[in-house]
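**Student:** One structure follows; several queries about it will come next.
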Amino acid sequence: MALRNIALLCGRTRGVLATRGAAHFNFQPTEAPKEYGEERTKMNLCQAVNNAMDIAMATDPSAILFGEDVAFGGVFRCSLGLKDKYGSDRVFNTPLCEQGIAGFGIGVAVAGSTAIAEIQFGDYIFPAYDQLVNEAAKYRYRSGGLFECGKLTVRATWGAVGHGALYHSQSPEANFTHTPGIKVVVPRGPTQAKGLLLSCIRDDNPAIFFEPKILYRLAAEEVPTGDFMIPLSKAETVRSGKDVTIVSWGTQVHVSLEAAQLAQEKLGVSVEVIDLQTIQPWDEEHIVQSVKKTGRLIVSHEAPKTSGFGAEIAAAIQERCFLHLESPVARSCGWDTPFPHVYEPFYLPTVWRVFDSIKKTVNF
Amino acid sequence: MSAPFSIQCFTCAKCKRLFNASAEQNAMVINNSTGAVVCQGCAEPGNTSSLAPYLQMIQEATMAIPKHVPVKPRDLEAQTSQTTRQNQQEKSIRIYETMTQLNIMDRILYDAQRQGRIAFYMTNSGEEGNHVGSAAALEDQDLIYGQYREVGVLMWRGFPVDQFMHQCYGNSKDLGKGKQMPIHYGSQEHNFVMISSPLSTQMPQAVGSAYAFKRQPNNSRVVCVYFGDGGASEGDAHAAFNFAATLDCPIIFFCRNNGYAISTPTTEQYGGDGIAGQGPGYGLHTIRVDGNDLFAVYNATRRARKLALSNKPVLIEAMTYRLGHHSTSDDSTTYRSADEVQKWGSGDHPIERFKAYLMEKGWWTEQREQEWALQVRERVLTAFAASEKIQRAPYHEMFEGVYDKLPAPLRRQRQELDDHLAEFGTHYPLDRHLKKY
Chain R
15 MALRNIALLC GRTRGVLATR GAAHFNFQPT EAPKEYGEER TKMNLCQAVN
65 NAMDIAMATD PSAILFGEDV AFGGVFRCSL GLKDKYGSDR VFNTPLCEQG
115 IAGFGIGVAV AGSTAIAEIQ FGDYIFPAYD QLVNEAAKYR YRSGGLFECG
165 KLTVRATWGA VGHGALYHSQ SPEANFTHTP GIKVVVPRGP TQAKGLLLSC
215 IRDDNPAIFF EPKILYRLAA EEVPTGDFMI PLSKAETVRS GKDVTIVSWG
265 TQVHVSLEAA QLAQEKLGVS VEVIDLQTIQ PWDEEHIVQS VKKTGRLIVS
315 HEAPKTSGFG AEIAAAIQER CFLHLESPVA RSCGWDTPFP HVYEPFYLPT
365 VWRVFDSIKK TVNF
Chain A
81 MSAPFSIQCF TCAKCKRLFN ASAEQNAMVI NNSTGAVVCQ GCAEPGNTSS
131 LAPYLQMIQE ATMAIPKHVP VKPRDLEAQT SQTTRQNQQE KSIRIYETMT
181 QLNIMDRILY DAQRQGRIAF YMTNSGEEGN HVGSAAALED QDLIYGQYRE
231 VGVLMWRGFP VDQFMHQCYG NSKDLGKGKQ MPIHYGSQEH NFVMISSPLS
281 TQMPQAVGSA YAFKRQPNNS RVVCVYFGDG GASEGDAHAA FNFAATLDCP
331 IIFFCRNNGY AISTPTTEQY GGDGIAGQGP GYGLHTIRVD GNDLFAVYNA
381 TRRARKLALS NKPVLIEAMT YRLGHHSTSD DSTTYRSADE VQKWGSGDHP
431 IERFKAYLME KGWWTEQREQ EWALQVRERV LTAFAASEKI QRAPYHEMFE
481 GVYDKLPAPL RRQRQELDDH LAEFGTHYPL DRHLKKY
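Here the protein sequences line up with chains R and A, keeping their order. Okay, so the first sequence: first residue is 15 according to my numbering, each after it adds one. Okay, so the second sequence: first residue is 81 according to my numbering, each after it adds one.
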């Protein structure tokens, strides 16, 4: 048996959860398709975001980047060097006020300039909720198309980081998928971060781009250096399989991939893993085709189970694929509690919880 | 080029005569009680304000920040008429001991995070004076809402060192049961509301509590809410100031203006005259103090408390400096110079300044300093070592406190986890948690 398998089976790797700073997953790099460009260089997710913003600002003179602490490079260093390159009128700190950042960003977009608005932690996006839900999302609709703020992209950090607890770990996407008019996107790695962020910035709709903070340093791969975009509302099958479909996004894609590998080795079950990428509007068709093939679906996300986006996928799939389903749609998610500090290993849908879900699904 | 908008002619509301305002400057005044524009002849003496002959923007106020002057020995404003010199001495020593204990504890816990023993930490370096000075001026029954950098306030109140440790470790003795990140303290016993990370959310909450207290018969409690120069930019700050003033709440707003919000200097945080400059606009009694001058902070808070208790809300802006990094996730050398930090740290440290006073009074000596430092270090390290060994609460605790009672669907989720751990438990850090209380 391969060394890696032994480590997984005897739980030593998972025992590492107890060590401060160790992640609950291994990042699985993917190779970017040729059409994104031949020239590549190693980038982590933070550098990929930086690169995307650099390209966006180089190709669009109206583009500006603003938020808390972005001028010196940002608390996660995503905006490093951009102020020096593009000037302090294009890259600047705002006062500490998320409702201001969002409202200001909408106004920039309404005036025809491209706004890249940074919210330091997704957990702090809620003061901006009124602006995003009542204004940004409804601007085009309520004006008969006369006014719109499509040039707005809000970037916010997202997801578990090992010790973030209640207010540095949240996955707030479902709070926004419930609002028609706004796009919600989550990348699983550096290549996707670059390509999807460029798409969000250039898309004619306001978009929220959630960046998994735990992947900023940890996720590194060869990323095409040129200007490329990954289309929105297109899911990607990251691992092909025929027995069970897992749909996930962000960090959880890697957890799902590990669980899929385990299922293959321990249960002989072939699992297909799909990265949803755009959460809203989502690529329903892609999931439907997969479930018609496998007959079994698991949705996995860090956000709490109740009213998480998994609930929407489950409802839609049972509508569209009822007669194809061999088992109920399962959801392996965070529990319905605030995100706890020392209990994080018990809170998250770990590799073992997803594996457990696969096992129950195939044995239904 | 168009002429500035100007009111050329007035009609006196009383005698109806027409005046050419630009030719006859100061001919017209406004009657304060009625708001009517009248001529000097018809004006009520002592009840008028002058009318600008042309539209004039109010110049931005340029209230100078008080220049730092070296501490002259000054005494704490007497709390009661019974205050004796002995009480002054005891209180002053207790203040100094609290500030220095905080300073020492901060260093130890900061290092602990660097060593990977605790997940996260935020120091209070340079702000010991504004914490303890304000806390010592309040009464124990006053309710405190904090942001996250007010450990000295809680320490003054008597929150034990080992409880600070338990919270940082998130062990089973932590009052919060390990649910929050380190430094998110709170204590009902000490009237200090549990900290939460989002900025300034505590501000309107504090105002609400103050209003509720006001309605109690014979109310003797004020609320004191702390926030920073950055937090003052949040919308919640505006809401809080406005509600406090319109509803006459017994509240003290204490702004720790320490120069930075992570990397953002105050020059990028506000365009007006700091936070104090906003106070009068809302109708708040306002004072700006040197936050590193223990006496200034103490005496201002004492005075503020008196006003607040008579339902006149007060804003105190304490000018200070954040000597440490924002947190263990920050490296402030990337956005400020070592010289700047050095200038404040050696030239204007609240602990050094207060020590000078104590030494001059003969209430403290270098020998006592050394003994005290050793004593505190040992106390902190002992508490730290003991806390590290204590296990975390049983994992079921994760499901407690979402509501007052565990709802059925959540109980089923807890069961689901139990069943999962029965089969896969070896992959989880169960040994770090108690099996049951």
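No residue lacks a Cβ here, since even glycine has one placed at the ideal position from N, Cα and C.
Going by DSSP in three states, M478 of chain A sits in which element: helix, strand or coil?
**Tutor:** Looking at M478 of chain A - three-state DSSP - the assignment turns out to be helix.
**Student:** In three-state terms, what does DSSP make of T506 of chain A?
**Tutor:** DSSP places T506 of chain A in helix when its eight states are reduced to three.
**Student:** Could you tell me whether the Cβ atoms of A233 of chain R and N377 of chain R are closer together than 8 Å?
**Tutor:** Cβ atoms of A233 of chain R and N377 of chain R: not closer than 8 Å.
**Student:** If distances are taken between C-alpha atoms only, which option among A:I110, A:I184 and A:L514 comes closest to Q450 of chain A?
**Tutor:** It is A:I184 whose Cα lies nearest to the Cα of Q450 of chain A.
**Student:** Going by C-alpha to C-alpha distance, which of A:S417, A:M202, A:A215 and A:A123 sits closest to F375 of chain A?
**Tutor:** When only C-alpha atoms are compared, the closest one is A:A215.
**Student:** I'd like to know whether the C-beta of W366 of chain R is nearer than 8 Å to at least one C-beta of chain A.
**Tutor:** It does; some Cβ of chain A falls within 8 Å.
**Student:** Where does F106 of chain R sit, in a helix, a strand or coil, going by DSSP?
**Tutor:** The answer is strand: DSSP assigns F106 of chain R an E or B state.
**Student:** When you compare the CB of E149 of chain R with every CB in chain A, is at least one pair closer than 8 Å?
**Tutor:** Output row for E149 of chain R: interface = no.
**Student:** Going by the DSSP bridge assignment, what does A174 of chain R pair with across the sheet?
**Tutor:** None, per the DSSP bridge assignment.
**Student:** Give a yes or no on whether the C-beta atoms belonging to F224 of chain R and A170 of chain R are separated by under 8 Å.
**Tutor:** Contact: yes.
**Student:** For the alpha helix (DSSP H) containing T408 of chain A, list its first residue and its last residue.
**Tutor:** Premise fails: T408 of chain A is in no alpha helix (DSSP H) and is neither H nor E.
**Student:** Using only alpha-carbon positions, find the residue among R:D74, R:V63 and R:K248 that is nearest to K165 of chain R.
**Tutor:** Out of R:D74, R:V63 and R:K248, R:D74 has the C-alpha closest to the C-alpha of K165 of chain R.
**Student:** Under the three-state reduction of DSSP, which class applies to K501 of chain A: helix, strand or coil?
**Tutor:** Looking at the sequence shown, residue 501 of chain A is not Lys but Leu. Note: L501 of chain A maps to helix in three-state DSSP.
**Student:** Give, in chain order, every residue of the stretch 331 to 344 of chain A whose Cβ lies closer than 8 Å to some Cβ of chain R.
**Tutor:** So the close ones are A341, I342, S343 and T344.
**Student:** Select from the stretch 215 to 245 of chain A all residues with a C-beta closer than 8 Å to any C-beta belonging to chain R, and list them in chain order.
**Tutor:** The residues in question: there are none.
**Student:** CB F334 of chain A to CB V305 of chain A, shorter than 8 Å?
**Tutor:** It is a contact, given that the beta carbons lie within the stated cut-off.
**Student:** Can you check whether the CB of R237 of chain A is closer than 8 Å to the CB of H270 of chain A?
**Tutor:** It is a contact, given that the beta carbons lie within the stated cut-off.
**Student:** Can you list, in chain order, the residues of its chain with a C-beta nearer than 6 Å to that of T251 of chain R? Leave out the 5 residues immediately preceding and following it.
**Tutor:** Taken in chain order, the residues that qualify are I288.
**Student:** Closer than 8 Å, CB to CB, is R492 of chain A near chain R or not?
**Tutor:** R492 of chain A does not count as touching chain R.
**Student:** Go through the stretch 386 to 465 of chain A residue by residue and report every complete run of the beta strand (DSSP E) that reaches 3 residues or more, in order.
**Tutor:** Runs of the beta strand (DSSP E) inside the stretch 386 to 465 of chain A: 394 to 399.
**Student:** Note down, in chain order, every chain R residue with its Cβ under 9 Å from the Cβ of S276 of chain A.
**Tutor:** Under the 9 Å cutoff, chain R gives L180 and Y181.
**Student:** Which partner residues of Y357 of chain R appear in the DSSP bridge assignment?
**Tutor:** Looking at the DSSP assignment, Y357 of chain R forms no beta bridge with any residue, so it has no partner.
**Student:** Measure the CB-CB distance between I244 of chain R and L210 of chain R and report whether it falls below 8 Å.
**Tutor:** In this structure, L210 of chain R lies closer than 8 Å to I244 of chain R by Cβ.
**Student:** Just to confirm the assignment, what range does the alpha helix (DSSP H) spanning G311 of chain A have?
**Tutor:** No alpha helix (DSSP H) holds G311 of chain A; DSSP gives it neither H nor E.
**Student:** Report yes if the C-beta distance between G168 of chain R and A123 of chain R is below 8 Å; otherwise report no.
**Tutor:** The amino acid occupying residue 168 of chain R in the given sequence is Val; Gly does not appear at that position. No, the Cβ-Cβ distance between V168 of chain R and A123 of chain R is not below 8 Å.
**Student:** Is the stretch 410 to 423 of chain A close to the stretch 354 to 368 of chain A, with three or more CB pairs under 8 Å?
**Tutor:** Touching, no.
**Student:** How big is the Cα-Cα spacing for K147 of chain A and D428 of chain A?
**Tutor:** Because K147 of chain A sits at a pLDDT of 42, beneath the cut-off of 50, its placement in the model cannot be relied upon, and the following sentence gives the value as read from the coordinates. If I take the Cα positions, the gap works out to 12 Å.
**Student:** Using a Cβ-Cβ cut-off of 8 Å, state whether Q349 of chain A counts as contacting chain R.
**Tutor:** So yes, Q349 of chain A belongs to the interface.
**Student:** By a C-beta neighbour count over all protein chains shown, 10 Å radius and 16 as the cutoff for buried, is L218 of chain A buried or exposed?
**Tutor:** Looking at its Cβ environment, which holds 16 or more other Cβ atoms inside 10 Å, L218 of chain A is buried.
**Student:** Quick one: which residues of the stretch 101 to 113 of chain R get their C-beta closer than 7 Å to a C-beta of chain A? List them in chain order.
**Tutor:** Per Cβ criterion, the list reads N107, P109, L110, C111 and Q113.
**Student:** Can you list, in chain order, the residues of the stretch 330 to 360 of chain R whose Cβ is nearer than 8 Å to any Cβ on chain A?
**Tutor:** Against chain A - using a Cβ distance shorter than 8 Å - the residues of the stretch 330 to 360 of chain R are W349, D350, T351, P352, P354, H355, V356, Y357, P359 and F360.
**Student:** Reducing DSSP to helix, strand and coil, say where G348 of chain R ends up.
**Tutor:** G348 of chain R falls in the strand class under three-state DSSP.
**Student:** Look up G81 of chain R in the DSSP assignment and give the residues it is bridged to.
**Tutor:** Note: G81 of chain R sits in a beta bridge opposite R:N107 and R:E132.
**Student:** When the cut-off is 8 Å and only beta carbons count, does V89 of chain R lie next to chain A?
**Tutor:** By this cut-off, V89 of chain R is an interface position.
**Student:** Whole-angstrom Cβ separation of I312 of chain R and T375 of chain R, contact assumed at under 8 Å?
**Tutor:** The Cβ separation is near 6 Å, so the contact holds.
**Student:** Between the Cα of M478 of chain A and those of R:V368, R:D350, R:R367 and R:W366, spot the shortest distance and give me the residue it belongs to.
**Tutor:** Per the Cα distances, R:D350.
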